[in-house]
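Enquirer:
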Amino acid sequence: MLRKTVVHTLKPKSTVAVLRKSAVSLAVGMCFIGAALAAESGGLRISILGASGKPVAGATVKVSSPSSLVTKTAVTEADGTVRIAGLDPATDYKVEVVAPGYTNFKASDVAVISGQNPSLSYTLGSGDVQQVVVTGSRLAQVDTTSATVGTILNLAVVESLPTTRSYQGYLQLVPGTKPSAGGNPSSKSGVNYADIGGATGTSSDNVYILDGVDVTDPLTGTFGSNINSEIIQEQQILTGGIPAEYAGGAGLVSKVVTKSGGNEYHGSVNYYLQNDRLVSKNKHNTASGFSTYDTAFTLGGPIIKDKLWFFSSYQLKNKNTDVVDAATGNPMRTVKRDDKLGFVKLTWQPTDNDRLSYSFFNDPTKISGSTVATTLNNRDTRQEQGGTNNKIEYTRDMDNLRVNAYAFKHKSQLSTFAADQSTRNDVAFYKPTVTPSVAERSQGGSGSNSVSWRNRDEWGLSAEYFLETASMGTHTFKTGFVNGKDMYTSDAYRTGPENAAYTSIALANKGVTYAQHIGSGWTGSKQLTAGDIPRIIDAINASPNKAYFLGLLDTNKDGVVSDPEIRAYQFNGTAGNPTGQVNAYRIYNSRIAPYTVSSTGKTFYLQDTWTKDKLTVNAGVRTEEWVHHDSAGHQTAKFKWELAPRLSTVYDLSGDGRSKVWAFYGRYYDPIRNNMSDFAGNVTGPILDEQIYLGDKWLTFRQRGGSDAAIAPSTKTPYTDEFMLGWATNLGKDYTLSVSYTKRATRDLLEDYDLALYSDPTLTAKTAPEGSAFPGSPYYLPYSYFGYSAAPKTNYVIATLAGGKRDYQGIEVSLNKAKRDNWQGQASYTYNDAKGNTNSDSTADFQGDWIALDPRAPNAYGPQPGNIKHQFKAWGTYYFNNGLELSGVFNWNSGVLYSKTQLISSRYLPVMQDNPSVDGGVLDTWILPNSIGSQQGPSFYTFDMRLKYQYKFTGSQKVEFFLDIFNVLNKQSATSAMPLVAGNGVYKFGEANAWNDPRRFYLGARYSF
69 MLRKTVVHTL KPKSTVAVLR KSAVSLAVGM CFIGAALAAE SGGLRISILG ASGKPVAGAT
129 VKVSSPSSLV TKTAVTEADG TVRIAGLDPA TDYKVEVVAP GYTNFKASDV AVISGQNPSL
189 SYTLGSGDVQ QVVVTGSRLA QVDTTSATVG TILNLAVVES LPTTRSYQGY LQLVPGTKPS
249 AGGNPSSKSG VNYADIGGAT GTSSDNVYIL DGVDVTDPLT GTFGSNINSE IIQEQQILTG
309 GIPAEYAGGA GLVSKVVTKS GGNEYHGSVN YYLQNDRLVS KNKHNTASGF STYDTAFTLG
369 GPIIKDKLWF FSSYQLKNKN TDVVDAATGN PMRTVKRDDK LGFVKLTWQP TDNDRLSYSF
429 FNDPTKISGS TVATTLNNRD TRQEQGGTNN KIEYTRDMDN LRVNAYAFKH KSQLSTFAAD
489 QSTRNDVAFY KPTVTPSVAE RSQGGSGSNS VSWRNRDEWG LSAEYFLETA SMGTHTFKTG
549 FVNGKDMYTS DAYRTGPENA AYTSIALANK GVTYAQHIGS GWTGSKQLTA GDIPRIIDAI
609 NASPNKAYFL GLLDTNKDGV VSDPEIRAYQ FNGTAGNPTG QVNAYRIYNS RIAPYTVSST
669 GKTFYLQDTW TKDKLTVNAG VRTEEWVHHD SAGHQTAKFK WELAPRLSTV YDLSGDGRSK
729 VWAFYGRYYD PIRNNMSDFA GNVTGPILDE QIYLGDKWLT FRQRGGSDAA IAPSTKTPYT
789 DEFMLGWATN LGKDYTLSVS YTKRATRDLL EDYDLALYSD PTLTAKTAPE GSAFPGSPYY
849 LPYSYFGYSA APKTNYVIAT LAGGKRDYQG IEVSLNKAKR DNWQGQASYT YNDAKGNTNS
909 DSTADFQGDW IALDPRAPNA YGPQPGNIKH QFKAWGTYYF NNGLELSGVF NWNSGVLYSK
969 TQLISSRYLP VMQDNPSVDG GVLDTWILPN SIGSQQGPSF YTFDMRLKYQ YKFTGSQKVE
1029 FFLDIFNVLN KQSATSAMPL VAGNGVYKFG EANAWNDPRR FYLGARYSF
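Just so it is clear: in the sequence shown, position 869 is 937 by this note's numbering, and no numbers are missing.
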């Protein structure tokens, strides 16, 4: 129960006209909010007092909205209160009060937010009062019963601002979210960097909820569905203090509630367009020509008035891009993208207390290639993605009890196909006098075709019960149970006649040794490492061609191949190389087969919000169980029920709902995703042989797929502990100032281990080869650490990363201006201090495969790459009286942190020693000091504006025209720098390699009725 009190007093007619009560601050900007029910509705608690201040019993209270499906009516009890639940989110509710002996009362523009039940108090005048005036009203409000930090947006707000017109793009309006071109922004301690490709701007720590159902991709942890932004009724973004009914985590929770139709027919048609003629000249790259349009319609209304309604939408987005070579300006390819987003919702309300709804949406998308100019035509891929979603839901209200049940089915694909079906060949050059071009290093096609499906079946139950006691305050109990099954289906294979992908040595470097090949001085990608030497020796000993390899490599003729002899081997063979280079490594598809892995999860939560006088305590617990199955249907891992407590205390400082302090502690578990089910569960799918070319033969030294990996029995579920303190207050009627401090610790992170490097009990300090731990060294992990008594028969083991941790603390200050005097806005500042010794986030990266990168290794702990220390955001809208609106969005950040890196196996790994040294008895090429997160990218800002004109016809008909100007000042500032110490052949280390897009105009129009 959320308690916000706004007092309205009735006065004689001769004073003033009626002042509209507005709660717009609850619908825009940053506020401190409560959590939502699965049914995605809200409520109101209304108190009716007489002129003498005594409660009025028997008053009839009617709540209605043109945006809601039904009108709710209730009668006040003896204490003058009534609680009305099951209201659809909207900001235009009208509250009407009729009581014998009193003047009828109306309050307009009352906001209902999903998951909230604010208290409204109305004082009625006596029967001889002829007119109403409302005094003491304030627009800006502080929720003095909640410690949840977040932002609430609705379509009216985002349509007044220059945005990318998607629920993912709207996340950039939230304080503290970092820039993200792909729509998956990091928030606070959420990971914002990946070693693979050195990419920033994509977080896999967020949760995306659509109409009460989690649509997060179970494989990648990113958003799993797209929708037409005009079907959004409300979007809540929770960034801290998240109660037990949500999984929560290091990232944010985005929750979208869609529209549902009503008793009147309403709809809209819009059209937006942009092309290269509306874009300023690019100062840094040769710009690609393009044209794009975005058109959509919505239609909703009654099928049977007061009983059955519908709402529908269809959006078509098209973009054609002529990609040109950034250096020469020569045309490369034309890329076409088509998005088709459909939506239908049917709602049946047989009684005022029962609701049954069905919704369907789909988002098929086809992309013919990459628009990145640095992607070569031969390495280009086309993509097909999207799918269908079906949900049925029933809700029942019974006085102070609400129950909800739903079932959901999600089916979505993400498939890629190589434009060039020839064999991939990545070529590395040793100490070149002239930097080889990207084309010289990237020969052949992209290397693979992949068809994959990410499906989910889910059902859930939830209930809320409100209890008001005579002397011990009020309780709002919430509980819920969710059962879901995630399934990942894949059919992938290597292209080319051999179904293989090569990593070769440039022909000019013929004769280099293995030792040179795994050392420094290379430009281009390599695959072989020092850690592969023991595997190669084992493979030689097990090979039917052992005698051949002994004759080739056993230079001292002692009958065995040793580590030094492998290092001394010279690469000379070119036979069969797809582009005539020197053979070194290839990965070969020895079996091609589709397969499906799955995971089933059960979630239960229970929480109570207790409010007495000025104090509110929210105590809850969430627990989850997950079971993973391989492609043969066998259980690969079971993560038993773990308790995640959530506790907050909020104190209303003055008792008038204008200011508060709060504290929160909570634990968020991050269940292991299906990409790990895939890694450890592909027992019937494709098999990939990793091979080295020795003499004139390919030798398989490791096999991927089949029994490639296992989830260790001792593996724990990663978690984040959060502690928060905060203060918020009203400043006058219009402003809310809030300050919050957050401290987080993320532990039990996940990685895959090569036990041959970490757990060989036969090694000693004298016999351990480079890069291997031995019993007694600080890096040694016995089999028992993983829950084994002996070595498992797999290449890798997925396990808890020993010593892995991420630490975060931050401060957020936000000032919000509610809509009044024709304008509204928000400004915020965020400070982020993030440190750690790992970027692992269910990615199976190189930690665990290379001891020099171990979290416990020297120089591994430092500033977190991808973090942005300082951020400032501001937006505002001014509404002129003639239908014009003018708005702006300003975002500034201090620059992303990055490491000094080298390119190894497509990973941007921290720079390391050229010559190995000893730490803890282990010989390896350790990370150099001041490598991790030591560099700061350029600071930059963006400033965008929107000019909107609205002309109203009769009734609800209106037409709107939009002009968006992105990068108004045309500041094409650098946004990132090259992190590779050796450069990439185009940009040198520390040199700017990306910039703000030039100024561009975006035109649009909408007709609605």
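Yeah, the Cβ is synthetic: ideal placement off N, Cα and C, and Gly gets one too.
Alpha carbon to alpha carbon, how far is Ser510 from Thr647? Give it in angstroms, no decimals.
Expert: About 11 Å.
Enquirer: Using the three-state DSSP reduction, which class does Arg772 fall into: helix, strand or coil?
Expert: Correct three-state label for Arg772: strand.
Enquirer: Could you work out which residue in Arg522, Pro565, Phe497 is closest to Gly454 when comparing CA atoms only?
Expert: With distances taken between Cα atoms, Gly454 lies closest to Arg522.
Enquirer: If I'm right that Thr969 touches Leu921 with Cβ under 8 Å, what's the distance once you round it to whole angstroms?
Expert: That pair is no contact at about 12 Å.
Enquirer: If the criterion is Cβ atoms closer than 8 Å, does the pair Val392 and Ser438 meet it?
Expert: Their beta carbons are not under 8 Å apart, which means Val392 does not touch Ser438 by this criterion.
Enquirer: As a quick exercise: from Lys1020, Phe1034, Ala507, pick the residue whose alpha carbon is nearest that of Tyr1009.
Expert: It is Phe1034 whose Cα lies nearest to the Cα of Tyr1009.
Enquirer: So, helix, strand or coil for Ser90, using DSSP?
Expert: Caution applies to Ser90, whose pLDDT of 29 falls short of 50 and renders its modelled position unreliable; the value that the coordinates give is listed next. If DSSP states are grouped into helix, strand and coil, Ser90 belongs with coil.
Enquirer: Once the 5 residues before and after Gly734 are set aside, which same chain residues still bring their CB inside 6 Å of it?
Expert: Closer than 6 Å at Cβ, skipping near neighbours: Arg714, Glu790.
Enquirer: Whole beta strand (DSSP E) runs in the segment 356-421 with 3 or more residues, listed along the chain?
Expert: Counting whole runs of 3 or more residues, the segment 356-421 contains the beta strand (DSSP E) stretches 357-372, 376-392, 399-419.
Enquirer: Short of 8 Å in beta carbon distance, which residues of its chain neighbour Tyr946, apart from the five on each side in sequence? Order them along the chain.
Expert: Counting only Cβ-Cβ distances below 8 Å, and skipping sequence neighbours, we find Asn890, Trp891, Glu953, Leu954, Ser955.
Enquirer: By DSSP's criteria, Glu526 is part of a beta bridge. Which residues make up the other side?
Expert: The partner list for Glu526 (beta bridge, DSSP) reads Phe476, Gly552.
Enquirer: Measuring straight from C-alpha to C-alpha, what distance separates Gly688 and Arg447?
Expert: Rounded to whole angstroms, Gly688 to Arg447 spans 51 Å at the Cα level.
Enquirer: Please list the terminal residues of the continuous alpha helix (DSSP H) segment that includes Asp606.
Expert: Taken as a continuous stretch (DSSP letters only), the alpha helix (DSSP H) holding Asp606 covers 601-610.
Enquirer: Measure the beta-carbon distance from Ile755 to Ser658 and round it to whole angstroms, keeping in mind my assumption that it falls under 8 Å.
Expert: That pair is a contact at about 5 Å.
Enquirer: Between Gly1053 and Ser572, how many whole angstroms is the CB-CB distance? I'm expecting something under 8 Å.
Expert: Rounded, the Cβ-Cβ distance is 17 Å, inconsistent with contact.
Enquirer: Between Asp211, Pro923, Ser827, Val519, which lies nearest to Trp730 when the distance is taken from Cα to Cα?
Expert: That would be Asp211, whose Cα lies nearest to the Cα of Trp730.
Enquirer: Would you call Glu1059 buried or exposed, if buried means 16 or more other Cβ atoms sit within 10 Å of its Cβ?
Expert: That one is exposed.
Enquirer: Just verifying my parser: in three-state terms, what is the DSSP assignment at Pro931?
Expert: Correct three-state label for Pro931: strand.
Enquirer: Assign Lys594 to one of two classes, buried (16 or more other C-beta atoms within 10 Å of its C-beta) or exposed (fewer than that).
Expert: Lys594 is buried by the Cβ-count criterion.
Enquirer: Does the Cβ-Cβ distance between Gly592 and Asp494 come in under 8 Å?
Expert: Result yes, Cβ atoms of Gly592 and Asp494 sit closer than 8 Å.
Enquirer: Determine contact between the segment 543-559 and the segment 669-686, defined as no fewer than three beta-carbon pairs at a distance below 8 Å.
Expert: Short answer: they touch.
Enquirer: Return the bridge partner residues of Gly893 from the DSSP annotation.
Expert: Gly893 is bridged to Lys885, Gly944.
Enquirer: Can Lys871 and Pro781 be called in contact, C-beta distance under 8 Å?
Expert: Before going on, a small fix: residue 871 reads as Gly here, not Lys. Contact flag unset, no.
Enquirer: Taking the alpha-carbon of Arg524 as reference, which of Ser667, Tyr637, Pro662, Ile181 has the nearest alpha-carbon?
Expert: Considering only alpha carbons, the answer is Ser667.
Enquirer: Please list, in chain order, all residues of the same chain as Ala712 whose beta carbon is under 6 Å from its beta carbon, the five residues on each side excluded.
Expert: So the list reads Arg690, Arg735, Tyr737, once near-sequence residues are dropped.
Enquirer: Gln703: buried (16+ other C-beta within 10 angstroms of its C-beta) or exposed?
Expert: It is exposed - the Cβ of Gln703 has fewer than 16 other Cβ atoms within 10 Å.
Enquirer: Span of the alpha helix (DSSP H) holding Asp631?
Expert: From DSSP, the alpha helix (DSSP H) with Asp631 extends over 631-636.
Enquirer: Among the candidates Met555, Ser539, Tyr498, Thr443, whose CA atom is the shortest distance from the CA of His478?
Expert: Among Met555, Ser539, Tyr498, Thr443, the Cα nearest to that of His478 belongs to Met555.
Enquirer: Under a CB-based cut-off of 8 Å, is Ala568 close to chain D?
Expert: Protein chain content of the structure displayed is limited to a single chain, and chain D is not contained in it.
Enquirer: Report all residues from its chain with a CB closer than 6 Å to the CB of Asp1032; omit the five preceding and five following residues, and keep chain order.
Expert: Here the set comprises Pro230, Arg1014, Tyr1070.
Enquirer: Could you check whether the Cβ of Leu341 sits closer than 7 Å to any heavy atom belonging to the ligand FMN?
Expert: For the ligand FMN, the structure offers nothing, since it holds no ligand at all.
Enquirer: Helix, strand or coil for Val165 per DSSP?
Expert: Correct three-state label for Val165: strand.
Enquirer: Mind checking who Arg1014 pairs with in its DSSP beta bridge?
Expert: Answer is Ser955, Asp1032, bridged to Arg1014.
Enquirer: Any idea if Val502 is buried or exposed, counting beta-carbon neighbours within 10 angstroms, 16 or more meaning buried?
Expert: That one is exposed.
Enquirer: Taking the alpha-carbon positions, what's the Gln1025 to Leu341 distance?
Expert: Their Cα atoms are separated by approximately 23 Å.
Enquirer: Would you mind sorting Ile604 into buried or exposed? The rule is 16 or more other CB atoms within 10 Å of its CB.
Expert: Counting Cβ neighbours within 10 Å, Ile604 comes out buried, since at least 16 surround it.
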